[in-house]
Structures are given as C-alpha cells and as structure tokens.
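In what follows, a single structure is set out as structure tokens and then discussed.
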Amino acid sequence: MAVAAVGAAFVLLPLVAMVTRVNWAEFVPLVTSESSLDALGLSLRTSLTATALCVLLGVPMAVVLARTEFWGQRILRSLVLLPLVLPPVVGGIALLYTFGRRGLLGQSFEALGVTVAFSTTAVVIAQTFVALPFLVLSLEGALRAVGTRYEAVGATLGARPTTVLRRITLPLVVPALVSGAVLSFARALGEFGATLAFAGSLQGVTRTLPLEIYLQRETDPDAAVALSLVLVVVAVVVVAAAHQAGRSGGARLRGPS
Amino acid sequence: MLRTTRRRAVLAFAVLGAAAVVVLSGCAAGGAAQPAATVPGSEAPSASASGLDGLITVFAAASLKGTFTELADEFEAEHPGVSVELVFAGSSDLVTQITEGAPADVFASADERNMAKLVDEALITPDAPVDFATNVLQIAVPPTNPQGVETLADLAAAGVATVVCAPQVPCGAATAAVESAAGIDIAPVSEESSVTDVLGKVTSGEADAGLVYVTDVTAAGDAVRGIAFPESAEAVNVYPIAPVADGRNPEVAVAFIDFVTGSRGRAVLGAAGFGAAGTETAP
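Sequence order for the protein chains is A and B. Under my numbering, think of the first position of the first sequence as 5, with each following residue one higher. Under my numbering, think of the first position of the second sequence as 4, with each following residue one higher.
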C-alpha cells in the first residue's frame with residue numbers, strides 16, 4: 005500500500021506542481037491566442053485522423069498476429085511493436101528516410117506530385133507510426149484472452165470466416181478496441197519528437213500543441229504552462245470518456261448473450 | 004493464485020527499485036567520473052604554481068560545443084590542478100537551470116537577452132558580462148543547391164522551400180531583422196525551434212535552403228554549402244560570458260573567462276567561424 009502511494013504521488017505530484025505555476029489571471033487570453041487555438045485544432049484533427057488510421061491498419065494486424073501462426077511471427081510481432089520502444093526522434097529520422105524528398109518512397113510520391121515534407125500529412129504519418137503499436141498490442145492481447153471457443157462454435161454452426169469475424173470476434177473485443185484506440189489517440193496527441201524531426205513546425209500546418217508548448221517556453225513560460233494544462237485536461241477527458249464507453253460497450257455485449 | 008500475484012508484485016517492485024538505484028548511481032557516477040578522469044595528471048607542485056585548483060562547471064550555449072570543449076582541454080593542460088566540467092544546451096534552457104539552482108560557475112550565452120535574465124535574477128552582477136564573440140547568419144543550401152539560391156532575396160522566391168528559426172528563438176529574431184533590412188518577406192515551409200533543426204532539414208535535403216549561423220555552416224563541413232549575404236551585418240549576435248555570482252570557485256571561473264577572451268580563445272573561436280567582439284561594445 006505504502007509503495008503504491010509513493011507510486012501514485014510520483015505520477016500526480018508533477019501535475020500538481022504544474023498547476024501551482026499556472027498564471028490564472030492570464031490563463032484565458034494565453035490559451036485562446038490565435039497560435040494556441042491553431043495548435044489545439046491541428047492537434048485534435050491530426051490525432052483523430054491518426055487514430056482512424058491506427059484502427060484501419062491495426063485491427064487486421066492484431067487479428068493476424070492473434071489468430072494465425074506462421075514462421076517468423078514472433079520476430080514480426082517484435083518489429084511491429086518497435087515504435088513503442090524507439091526514441092521518437094529516431095522514429096522521425098527513419099520516417100524522413102522513408103517519406104522525405106530523398107527517401108525510399110518520397111521520390112515516387114514526388115513523381116506523383118505528392119509532397120509529404122512539411123505538410124499536415126507528415127504530422128499524421130508520424131503520429132500513426134508511434135501510436136499504431138498501442139492499438140495492435142491491446143487488441144491482440146484481448147483476442148488471445150477471449151480465445152477461439154465461440155468462434156469455433158460459430159463455425160460449426162455454419163458461419164463463414166468473415167461472418168465469424170464480424171459477428172463474434174470483433175464484438176467480443178470492442179472494449180479492448182476502444183481502449184486501444186484511446187491509447188493511440190493519447191499517444192498521437194502527445195507526439196513530439198518524430199513530428200519535430202520529420203514534419204517541421206509551422207503554425208496551422210505542422211505545429212501541434214506539444215510543438216507550440218516547446219516553442220512558447222522559449223519566450224513565454226506562462227503560455228507554455230497554460231497550454232500544458234490544456235493538453236493534460238484534453239487527455240484526461242478523452243481517457244475518462246473512453247473508459248465510460250468501454251464499460252458500456254462491454255455491458256451491452258454481456259446483456260443479450 | 005494469490006501467492007503468485009503477490010510474488011509477481013514484489014518482483015515488479017524489486018525491478019523498479021533496482022532500476023532506480025541504477026539510474027541514481029548512474030547520475031552520481033556521471034557527475035563524479037568526469038572530473039576524476041581529468042584529474043589524474045594533477046601533480047600538486049605544478050597545480051600550486053599557477054595557484055589554481057579545483058573544479059568549475061561551465062554552462063555554455065549549444066553553439067559553443069566544439070570551441071569550448073577544445074578551450075577547456077587546453078585550459079586544463081595549462082592548469083593541471085583544475086578540471087572544467089562543461090554543460091551545453093540552448094541558452095534559455097541553461098538560464099532556467101541556473102535559475103532553478105543548478106551549480107554553475109560560468110555562463111556563456113549565445114545572446115545578450117538570456118544573459119540579461121540572469122542579471123535580473125541577481126545571479127550575475129550587472130557589470131560582469133564580457134562580450135567574447137559574434138555570430139552572423141548565413142544561407143545554408145544542400146551541396147547541389149537544387150534551386151540555385153545565390154542571394155537572400157532568392158529565399159523569398161516561389162518554389163524555394165526555405166526553413167528558418169521561429170521568431171521566439173534568437174536565430175529567428177536575427178532572421179526577422181535581416182528580412183526587414185533586405186525589404187523581403189520569406190514565407191518559410193517551417194519555423195524550427197532551434198538552429199540545429201534548421202540545419203538538419205537542409206542536410207537531409209528536405210529543404211532547399213535555411214538560415215543558420217555561419218558557425219553552423221563551418222561545423223557541418225561538406226554536408227551543406229554556405230552563402231554569405233551583406234544584410235547579415237544587420238543582425239550580429241553577440242555572445243557574452245560571465246561568472247555566476249554564487250559559484251563555488253570564483254578564481255578559476257575568472258581565469259577561464261580570461262582564457263576564453265584572451266588570444267588563444269579568440270584564435271579557436273575565429274577558426275570555428277565566430278567573429279571577434281568589439282571591445283568597446285562591452286558594457
């Protein structure tokens with residue numbers, strides 16, 4: 005218990021310390037300045053897009069990793085989870101060499117008239133890259149925990165594999181999908197290093213909230229603290245909302261069955 | 004079942020604790036190892052010859068990394084009893100650290116504004132700062148110069164992807180000054196938080212051009228080509244250095260500052276591309 009309390013204090017105390025430094029008299033003007041609102045809007049838009057991409061790409065990945073077996077699967081899983089342990093700046097450099105103007109794919113994109121460098125697309129790519137493992141990891145864990153019994157029953161009753169996936173497998177893991185998506189969203193919202201190294205920083209285009217905070221700190225620490233608080237509040241609201249959604253989703257599933 | 008859970012929890016705490024110990028001892032070792040490594044050659048007699056010994060910590064702007072590392076080595080060789088610990092970061096980060104109580108004996112800033120902050124905090128006496136170097140902007144382009152940039156005005160041309168520093172940081176303020184001096188308005192594709200990030204975008208070929216300091220171009224070697232432009236004289240960045248008021252070793256701190264502002268310091272700084280500070284500009 006005592007150690008748990010120390011752990012909780014370790015997480016909460018820095019947040020409390022930050023709140024004590026907020027300049028409340030100037031708080032509203034600081035967080036509603038044009039550059040702050042641009043950064044917040046951009047962060048929400050790009051993080052939501054990145055979360056959608058994570059679901060789109062991550063669900064098939066998790067299903068394949070949890071439900072099939074093939075040679076090299078363990079190695080593949082470790083590699084897929086690599087962005088989780090990679091320092092974000094390293095991820096940014098890797099993305100630069102992939103999607104940059106001189107990168108592996110960047111040159112083909114350039115030929116097609118698509119420029120990723122310094123665009124909002126680059127921000128979404130960076131966020132998706134770092135957030136994807138969170139979705140894959142939580143969904144794959146849930147798929148393994150649920151097991152294949154219900155799926156097997158469905159199949160013996162004549163359901164096709166796609167029907168099994170749609171009617172049995174996915175509904176069973178909705179709570180995990182929601183919490184995985186929330187984790188991905190939170191990670192995308194906080195993404196900093198890869199964006200800085202890969203996308204650049206321009207108001208309204210690539211300067212997300214964490215980059216704005218980093219920049220404001222140079223001249224206006226009050227603004228940086230105020231924006232940090234906004235970021236924390238957004239993150240807490242999202243996590244709480246998703247927790248609620250996950251619980252009701254789970255309840256709905258348990259109800260009829 | 005319960006037992007395994009509990010055992011696992013204990014194990015987790017043990018791992019956490021071990022990690023904390025490793026991290027903490029790592030910090031301690033890091034702090035102690037550096038001076039220890041430089042001290043071994045210390046023969047007591049020669050140390051007393053110059054009358055200087057002990058450790059000083061120098062907080063210096065990131066752009067001084069190459070030159071100050073070299074100068075600190077030479078200073079230690081000249082004064083065997085002395086060891087110089089160097090900390091490099093952005094000037095405003097260093098100011099924050101010193102204000103929050105980091106132990107510094109000398110502060111070398113990349114601009115006068117950050118030095119003034121410490122004077123305001125009474126951590127540096129008002130007449131202590133001495134200007135020791137200057138730095139001006141230069142255009143950095145990839146070696147191939149894909150857009151054929153030759154002048155500052157070329158950066159404002161359509162189709163030239165230019166990266167600059169954000170106005171909030173010193174190199175961005177200098178950028179704004181040269182833009183207004185030249186009467187042009189550059190529409191950058193990115194406004195970075197540090198000059199290092201600007202240079203990175205140019206060396207990686209993402210940007211066609213960037214505005215960085217001449218010393219960054221020198222340090223980058225063949226990775227970029229530097230183009231000097233006359234308007235750079237409108238935004239000369241002055242580097243001041245000063246002893247921190249409650250430093251632990253003021254004699255050595257002053258001796259190190261004398262060394263940096265002396266002939267050897269000027270030679271090393273000059274070779275790296277820094278300009279000499281006009282003696283009359285010192286307050």
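Here a beta-carbon is modelled for each residue, glycine too, at the ideal position from N, C-alpha and C.
Practice prompt. Give the DSSP-derived three-state secondary structure of B/G213 in the structure shown.
Written response: strand
Practice prompt. Could you list which residues in chain A have their beta carbon closer than 9 Å to that of B/V166, in chain order?
Written response: F122 and G204
Worksheet item: Beta-carbon separation of A/A198 and A/L99 under 8 Å?
Response: yes
Worksheet item: Given a limit of 7 Å on CB to CB distance, which residues of the stretch 105-134 of chain A reach chain B?
Response: R105, R106, A121 and F122
Item to complete: Consult DSSP for A/A13 and reduce its assignment to one of helix, strand or coil.
Response: helix
Worksheet item: Are the C-beta of B/E124 and some C-beta of chain A separated by less than 8 Å?
Response: no
Discussion item. Please confirm whether A/T212 has its beta-carbon closer than 8 Å to some beta-carbon of chain B.
Written reply: no
Worksheet entry | B/V85 beta carbon less than 8 Å from that of B/G54 | no
Practice prompt. Check the Cβ of B/V192 against every Cβ in chain A and list those closer than 7 Å, keeping chain order.
Written response: F122, G204 and L206
Discussion item. Buried or exposed for B/G186, going by 16 or more other Cβ atoms inside 10 Å?
Written reply: exposed
Worksheet item: Between B/P149 and the rest of its own chain, which residues show a CB-CB distance below 7 Å, the 5 nearest in sequence each way excluded?
Response: D211
Item to complete: Taking C-beta pairs closer than 8 Å, name the residues in chain B that A/Y218 reaches, listed in chain order.
Response: S196
Worksheet entry | Under the three-state DSSP convention, the category B/G278 falls into | strand
Worksheet item: For A/L136 versus A/L61, is the C-beta distance shorter than 8 Å?
Response: yes
Item to complete: Quick one: grab the DSSP three-state call for B/Q171.
Response: coil
Worksheet item: Can you pull the DSSP bridge partners for B/S196?
Response: Its beta-bridge partners do not exist; DSSP assigns none.
Item to complete: Please state whether DSSP places A/A190 in a helix, a strand or coil.
Response: helix
Practice prompt. Determine the burial state of A/V240: buried for a count of at least 16 other Cβ atoms within 10 Å of its Cβ, exposed for fewer.
Written response: exposed
Fill in: C-alpha gap between A/L46 and B/H82, whole angstroms
55 Å
Worksheet item: Is there contact between the stretch 232-248 of chain B and the stretch 134-148 of chain B, where contact requires at least three CB pairs shorter than 8 Å?
Response: yes
Practice prompt. List the residues of chain A whose Cβ lies closer than 8 Å to the Cβ of B/K204, in chain order.
Written response: G204
Worksheet item: Which residues mark the beginning and the end of the beta strand (DSSP E) in which A/P137 is found?
Response: No beta strand (DSSP E) holds A/P137; the alpha helix (DSSP H) holding it covers T124 to V150.
Worksheet item: Assuming B/A248 contacts B/I127 under a Cβ cut-off of 8 Å, what Cβ separation, rounded to an integer in Å, is found between them?
Response: 6 Å
Worksheet item: How would you list, in chain order, the residues of chain A whose beta-carbon sits under 7 Å from the beta-carbon of B/D200?
Response: L200
Worksheet item: Using a beta-carbon distance cut-off of less than 8 Å, what residues from the stretch 169-194 of chain B approach chain A?
Response: A169, Q171, V172, P191, V192, S193 and E194
Worksheet item: Three or more C-beta pairs closer than 8 Å, one from the stretch 189-197 of chain A and one from the stretch 206-221 of chain A: is that the case here?
Response: yes
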